[in-house]
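A.B. asks: Residue 359 in this note's numbering is what sits at position 359 of the sequence shown, and the numbering runs on without skipping anything.
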Amino acid sequence: MDALKAELQRKRKQKELDFGGSKYARRGEVVDRQLKRLRSEERKELEDKAKRQKDDAGVPEPDRDENTGRDENTVQPLLELSKQEVVRRLRALGQPATLFGEDDTARAARLVKAEEEMKVEDEAIGGQQANTLLQLQKEDKASRSVAKVEAALAHERAATEDTVNEKQDTSQAIVDATYEQFQRAAARLASTRKEEDLPFEDRILGQLRRWCEEWKEDLDVRPAEVAESRSGHLATMMYRENMKHFEALFQRLEKRELDEELVAGLWMVVKAMRDRNYLHAYDIYLKLAIGTAPWPIGVTSVGIHERSAREKISHVRNVHGEAHIMNDEATRKYFQGLKRLMTFVQRAYPTEPSRSVDFNSVSDPGRGAAGAGCDKQALMEAETMGVGPKALGLSDAPHFLEKDGSVKVPPRWINILKQSELAKKTWEGS
Numbered sequence: 001m002d003a004l005k006a007e008l009q010r011k012r013k014q015k016e017l018d019f020g021g022s023k024y025a026r027r028g029e030v031v032d033r034q035l036k037r038l039r040s041e042e043r044k045e046l047e048d049k050a051k052r053q054k055d056d057a058g059v060p061e062p063d064r065d066e067n068t069g070r071d072e073n074t075v076q077p078l079l080e081l082s083k084q085e086v087v088r089r090l091r092a093l094g095q096p097a098t099l100f101g102e103d104d105t106a107r108a109a110r111l112v113k114a115e116e117e118m119k120v121e122d123e124a125i126g127g128q129q130a131n132t133l134l135q136l137q138k139e140d141k142a143s144r145s146v147a148k149v150e151a152a153l154a155h156e157r158a159a160t161e162d163t164v165n166e167k168q169d170t171s172q173a174i175v176d177a178t179y180e181q182f183q184r185a186a187a188r189l190a191s192t193r194k195e196e197d198l199p200f201e202d203r204i205l206g207q208l209r210r211w212c213e214e215w216k217e218d219l220d221v222r223p224a225e226v227a228e229s230r231s232g233h234l235a236t237m238m239y240r241e242n243m244k245h246f247e248a249l250f251q252r253l254e255k256r257e258l259d260e261e262l263v264a265g266l267w268m269v270v271k272a273m274r275d276r277n278y279l280h281a282y283d284i285y286l287k288l289a290i291g292t293a294p295w296p297i298g299v300t301s302v303g304i305h306e307r308s309a310r311e312k313i314s315h316v317r318n319v320h321g322e323a324h325i326m327n328d329e330a331t332r333k334y335f336q337g338l339k340r341l342m343t344f345v346q347r348a349y350p351t352e353p354s355r356s357v358d359f360n361s362v363s364d365p366g367r368g369a370a371g372a373g374c375d376k377q378a379l380m381e382a383e384t385m386g387v388g389p390k391a392l393g394l395s396d397a398p399h400f401l402e403k404d405g406s407v408k409v410p411p412r413w414i415n416i417l418k419q420s421e422l423a424k425k426t427w428e429g430s
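Below you can see the structure in the form of structure tokens.
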């Protein structure tokens, strides 16, 4: 009983010290007093802990705790912000604006802790699929800023160095150029002979990678003002997006995971592109993508309940009864990339309009250096250098008429596959 009276007396004295003998007090004042008391107890506990560590380790006691100093240094700039700004940042991090009994200092400290522990997701990327083009644009913006700094440093170094390369002998440069051309021709001949012994997957992979490298070189040799224009920037982003989509195709070719129908069709497309027969390559591309099916690309289902006929349309591919080729997202992307690559190769290795697809439909120097982004100009430049279609002795353009003038009936896709080089080699091996 005496202990209870002593406790009541102690609380009465503490109340008089806290509130000056006032009979009533606001709830906020009570909470503030409790918080101050808790903080003083925590500070005292930290001091006692530091003192014990000092006694155990024999190290002089620091003036103040490092973590406390760091937190105060971090919180101090946030205290200079307005209350509205701190609340806005907390809400952006998904945190409550104000906790019960929280003052401005505690709110700022909570913001510091939330910013350290939480990661703000990019608002521009939403859903289950990331925006590849937006991500590439951000990476390109960062690389441009780094490239500007490196270019400035390189310019300063170049100003102090002696330009010895400009004094090279002209005759030696001509000899070197001729020797390089001879080496390239010998390398092409050796690669052609070696290619005949390779599997079809390796042939397709090697040719596509060579064209992609030439595409990159074509974009790199553009003037700076053209590359930094709107069309030039879009062309660069398209190339980089294309290479990301090709990663799935290259991986499946290396692991031999592509269906035989796809391998045969891709090899026919590559061969037609090498022969500069882009119209035929585009025709094979369409047959490979959608066949001769009378339904649109990628159609899946209509309505809640699936009908038997619609079921067959949605889940049948050209020959083997597997899933429709354009229903696979990765396949759709690298097929789209194949069409973009075909557009570049048609400009890099020009041919007659009758063998081309959408000849001279777009003329923009931002697309690349070859022909200044124009198919017609690229063809004229090739004929001037003596590497045009007539000088190369290419075959006649494909047509769909018989000798008597009647319309030729196009063959079915299954018959085209049976006559493909892959099918013939498989038949000979068996």
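The beta carbon of each residue, even a glycine, is placed where N, CA and C say it ideally should be.
Given the structure is predicted, the values throughout are model-derived calculations rather than measurements.
1) Under the assumption that A289 contacts L422 (Cβ atoms under 8 Å), give the Cβ distance between them as a whole number of angstroms.
2) Hey, how far is the Cα of S82 from the Cα of T105?
3) Between the alpha carbons of A109 and R10, how many angstroms are there, rounded?
4) I need the straight-line Cα distance from A224 to E213, nearest angstrom please.
5) In the DSSP assignment, find the unbroken alpha helix (DSSP H) run with Y239 in it and report its ends.
6) Suppose contacts are defined by Cβ-Cβ distances below 8 Å. Is K339 in contact with Y278 by that definition?
7) Could you give the DSSP three-state label for C374: helix, strand or coil?
8) Taking all protein chains shown into account, decide if M385 is buried (16 or more other Cβ within 10 angstroms of its Cβ) or exposed.
9) Rounding to the nearest angstrom, what Cα-Cα distance links R91 and T98 in this structure?
10) The alpha helix (DSSP H) with G368 in it runs from where to where?
11) Going by Cα to Cα distance, which pick from S145, E260, S354 and R347 is closest to A372?
12) When you compare the CB positions of V86 and R52, do they come within less than 8 Å of one another, or not?
13) Run the CB neighbour count on L8, radius 10 Å, all protein chains shown included, and call it buried at 16 or more, exposed below.
14) Report back the beta-carbon spacing between R367 and S231 to the nearest angstrom; my notes put them in contact at under 8 Å.
15) Relative to the alpha-carbon of R431, which residue among T331, K113, W413 and D404 has its alpha-carbon at the smallest distance?
16) Note down the Cα distance separating A6 from A50, rounded to an integer number of angstroms.
17) Work out the CA separation of H233 and M243 for me, nearest whole Å.
18) Report back the beta-carbon spacing between A369 and V221 to the nearest angstrom; my notes put them in contact at under 8 Å.
19) Run through DSSP, which three-state label would F335 get?
20) Compare the Cα-Cα distances from D255 to each of K138, L205 and D197 and report the closest residue.
21) State the start and end residues of the unbroken alpha helix (DSSP H) segment that holds R91.
22) I want to check one thing, is the minimum distance from the CB of D218 to the heavy atoms of the ligand GTP below 7 Å?
23) Work out the CA separation of K113 and D202 for me, nearest whole Å.
24) With distances taken between CB atoms, is the gap from R157 to R276 smaller than 8 Å?
25) Of the residues Q336, G337, Q377 and Y334, which one's Cα is nearest the Cα of P353?
26) Which residues in the same chain as M273 place their Cβ atom closer than 6 Å to its Cβ, once the five residues preceding and following it in sequence are excluded?
27) For a quick check, are the C-beta atoms of W413 and K271 less than 8 Å apart?
28) Can you tell me where the alpha helix (DSSP H) holding D283 begins and where it ends?
29) Going along the chain, which residues of its own chain have a beta-carbon closer than 7 Å to the beta-carbon of G337, five neighbours each way excluded?
30) Looking at the unbroken alpha helix (DSSP H) that takes in N415, where does it start and where does it end?
31) Buried or exposed: which applies to A190, given that a residue is buried once 16 or more other Cβ atoms fall within 10 Å of its Cβ?
32) Looking only at its own chain, which residues have a Cβ that is under 6 Å from the Cβ of R450, when we skip the five neighbours before and after it?
33) For the alpha helix (DSSP H) containing D218, name the first residue and the last one.
34) Go through its chain and collect everything with a Cβ distance to P389's Cβ below 7 Å, but skip five positions before and after it.
35) Please classify F335: is it buried, with 16 or more other beta-carbons within 10 angstroms of its beta-carbon, or exposed?
36) Going by DSSP in three states, G388 sits in which element: helix, strand or coil?
C.D. replies: Checking against the coordinates, here is how it stands:
1) Residue 289 sits at position 289 when you count from the first residue of the sequence shown. Residue 422 sits at position 422 when you count from the first residue of the sequence shown. Going by Cβ atoms, the distance from A289 to L422 rounds to 18 Å, so no, they are not a contact pair.
2) As a working note, residue 82 is residue 82 in the sequence shown. As a working note, residue 105 is residue 105 in the sequence shown. Each residue's Cα considered, the two are about 12 Å apart.
3) Translated into positions along the sequence shown, residue 109 becomes position 109. Translated into positions along the sequence shown, residue 10 becomes position 10. Looking at the two C-alpha atoms, the distance is approximately 34 Å.
4) Within the sequence shown, the letter at position 224 stands for residue 224. Within the sequence shown, the letter at position 213 stands for residue 213. Rounded to the nearest angstrom, the gap between the Cα atoms of A224 and E213 is 20 Å.
5) If you number the sequence shown from 1, residue 239 lands on position 239. Note, Y239: alpha helix (DSSP H), R230 to E254.
6) One-based indexing of the sequence shown puts residue 339 at position 339. One-based indexing of the sequence shown puts residue 278 at position 278. No, the Cβ-Cβ distance between K339 and Y278 is not below 8 Å.
7) Translated into positions along the sequence shown, residue 374 becomes position 374. Looking at C374 - three-state DSSP - the assignment turns out to be coil, as it is neither helix nor strand.
8) Counting from 1 along the sequence shown, the entry for residue 385 is found at position 385. A residue is called buried when at least 16 other Cβ atoms come within 10 angstroms of its Cβ; M385 does not meet this threshold and is exposed.
9) Residue 91 sits at position 91 when you count from the first residue of the sequence shown. Residue 98 sits at position 98 when you count from the first residue of the sequence shown. Pairing R91 with T98, the inter-Cα distance amounts to about 10 Å.
10) Taking the sequence shown and counting its residues from 1, one reaches residue 368 at position 368. DSSP places G368 in no alpha helix (DSSP H); its state is neither H nor E.
11) The residue given as residue 372 occupies position 372 in the sequence shown. Nearest Cα to A372 within the set S145, E260, S354 and R347: R347.
12) Residue 86 sits at position 86 when you count from the first residue of the sequence shown. Residue 52 sits at position 52 when you count from the first residue of the sequence shown. One thing to note: V86 has its Cβ no nearer than 8 Å to the Cβ of R52.
13) Working through the sequence shown from its first residue, we reach residue 8 at position 8. Residue burial annotation: L8 is exposed, with fewer than 16 other C-beta atoms found within 10 angstroms of its C-beta.
14) On the sequence shown, position 367 is the one that residue 367 refers to. On the sequence shown, position 231 is the one that residue 231 refers to. Their Cβ separation, rounded to whole angstroms, is 7 Å, which keeps R367 and S231 in contact under 8 Å.
15) There is no way to answer for residue 431, as the model of the chain reaches only from 1 to 430.
16) Residue numbering aside, residue 6 sits at position 6 when the sequence shown is read from its first letter. Residue numbering aside, residue 50 sits at position 50 when the sequence shown is read from its first letter. As the crow flies, the alpha-carbon of A6 is around 33 Å from that of A50.
17) Taking the sequence shown and counting its residues from 1, one reaches residue 243 at position 243. Taking the sequence shown and counting its residues from 1, one reaches residue 233 at position 233. Going by the C-alpha atoms only, they are around 16 Å apart.
18) Position 369 of the sequence shown, counted from the first residue, corresponds to residue 369. Position 221 of the sequence shown, counted from the first residue, corresponds to residue 221. At roughly 5 Å, the Cβ-Cβ gap stays under 8 Å, so A369 and V221 are in contact.
19) Position 335 of the sequence shown, counted from the start, is the residue given in the question as residue 335. Note: F335 maps to helix in three-state DSSP.
20) Position 255 of the sequence shown holds residue 255. Sequence inspection shows Lys at residue 255; the Asp mentioned does not correspond to that position. Closest by alpha carbon: L205.
21) The residue you call residue 91 lines up with position 91 of the sequence shown. Where R91 is concerned, the enclosing alpha helix (DSSP H) stretches over K83 to A92.
22) As presented, the structure is devoid of all ligands, the ligand GTP included, so that no description of it is given.
23) Taking the sequence shown and counting its residues from 1, the one referred to as residue 202 is at position 202. Taking the sequence shown and counting its residues from 1, the one referred to as residue 113 is at position 113. The alpha-carbon of D202 is positioned some 54 Å away from that of K113.
24) Position 157 of the sequence shown, counted from the first residue, corresponds to residue 157. Position 276 of the sequence shown, counted from the first residue, corresponds to residue 276. No. Outside cutoff.
25) On the sequence shown, residue 353 is found 353 positions in, with the first residue counted as 1. Selected option, being the one with the closest Cα: Q377.
26) What you label residue 273 is simply residue 273 of the sequence shown in a count that begins at 1. For M273, where only same-chain residues beyond five positions count, the Cβ hits under 6 Å are A281 and V345.
27) Along the sequence shown, read from residue 1 onward, the residue named residue 413 stands at position 413. Along the sequence shown, read from residue 1 onward, the residue named residue 271 stands at position 271. No, these two residues do not count as a Cβ contact at 8 Å.
28) What you label residue 283 is simply residue 283 of the sequence shown in a count that begins at 1. Y278 to I290 is the extent of the alpha helix (DSSP H) around D283.
29) Working through the sequence shown from its first residue, we reach residue 337 at position 337. Answer for G337: N242, H245 and F246, listed in chain order.
30) For the purposes of this step, residue 415 is taken as the residue at position 415 of the sequence shown. Per DSSP, the continuous alpha helix (DSSP H) segment holding N415 begins and ends at W413 to K418.
31) Walking along the sequence shown from the start, residue 190 turns up at place 190. Counting Cβ neighbours within 10 Å, A190 comes out exposed, since fewer than 16 surround it.
32) There is simply no residue 450 to check, as the chain begins at 1 and stops at 430 in what is shown.
33) What you label residue 218 is simply residue 218 of the sequence shown in a count that begins at 1. Unbroken alpha helix (DSSP H) run through D218: F200 to D220.
34) Locating residue 389 in the sequence shown gives position 389, where the first residue counts as 1. Counting only Cβ-Cβ distances below 7 Å, and skipping sequence neighbours, we find R276, T351 and E352.
35) Reading the sequence shown from its first residue, position 335 is the one you call residue 335. The residue in question, F335, is buried, as its Cβ has 16 or more Cβ neighbours within 10 Å.
36) The residue given as residue 388 occupies position 388 in the sequence shown. In this structure, G388 counts as coil in the three-state DSSP scheme.
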